[in-house]
Amino acid sequence: MPDFDRETVERPKDAGTILRHMSTETQEDGDDLEERVSNFLRRNFPQIQMHGGSAAIQQIDRETGEVTIMLGGACSGCGISPMTIQAIKSRMVKEIPEINKVIAETGMGGDGGMGGGMSPSFPGESSGDDEDDEGPQAPF
Numbered sequence: 516m517p518d519f520d521r522e523t524v525e526r527p528k529d530a531g532t533i534l535r536h537m538s539t540e541t542q543e544d545g546d547d548l549e550e551r552v553s554n555f556l557r558r559n560f561p562q563i564q565m566h567g568g569s570a571a572i573q574q575i576d577r578e579t580g581e582v583t584i585m586l587g588g589a590c591s592g593c594g595i596s597p598m599t600i601q602a603i604k605s606r607m608v609k610e611i612p613e614i615n616k617v618i619a620e621t622g623m624g625g626d627g628g629m630g631g632g633m634s635p636s637f638p639g640e641s642s643g644d645d646e647d648d649e650g651p652q653a654p655f
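Its first residue numbered 516, the sequence shown is counted upward by one per residue in our numbering.
Dropping the structure here:
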């Protein structure tokens with residue numbers, strides 16, 4: 516079973532060379548890669564924000580063409596976030612010539628990312644701090 520918390524998609528090497536060559540001829544001087552990635556996310560995936568999620572660029576390596584994206588907020592734990600991640604990966608390498616590889620995370624992988632939060636506890640389980648965890652108190 517694939518690990519949906521952290522996956523990568525790579526562009527074939529020869530396609531990147533052709534696209535990079537084409538992009539240098541048409542690229543405007545003031546065009547910044549980070550801004551284009553951010554605009555790509557906002558333009559192609561407005562449903563992320565509409566559903567209470569967020570998409571943040573964690574890192575861009577211009578030499579390798581690798582970008583790391585973190586989906587947070589409501590995306591963490593969302594059942595369709597794996598499909599959103601796949602769509603981002605497949606479309607970004609096609610639309611932004613300098614990007615060869617996309618790493619996308621939801622923060623649910625236990626790697627300390629956004630949205631990881633505390634582990635759930637249940638009544639009767641010990642969290643290791645000598646107090647009995649009886650669960651949440653009723654408001655009455």
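Even glycine gets a Cβ: it sits at the ideal position worked out from N, Cα and C.
Short of 7 Å from the beta carbon of I575, and not among the five residues preceding or following it, lie these beta carbons of its own chain, in chain order: L548, E549, V552, V582. When the five nearest sequence neighbours on each side are left out, the beta carbons in the same chain lying within less than 6 Å of the beta carbon of E613 are those of L548, G580, in order along the chain. Of the residues assessed, S605 falls on the exposed side of the cut-off, its CB having fewer than 16 other CB atoms within 10 angstroms.
At the C-beta level, Q601 and M585 stay beyond 8 Å of one another. Take the alpha-carbon of A589 and the one of A571: they are about 13 Å apart. In summary, E620 is buried, with 16 or more beta-carbon neighbours lying within 10 Å of its beta-carbon over all protein chains present. Excluding residues up to 5 positions away in sequence, A589 lie with their Cβ nearer than 6 Å to the Cβ of H566 in the same chain.
Spanning the alpha carbons of M598 and R558 requires a straight line of approximately 17 Å. Apart from the 5 residues on each side of it in sequence, L556 sits with its Cβ closer than 6 Å to the Cβ of A570 in its chain, given in chain order.
Taking the CA atoms as reference points, S591 sits about 30 Å from E578.
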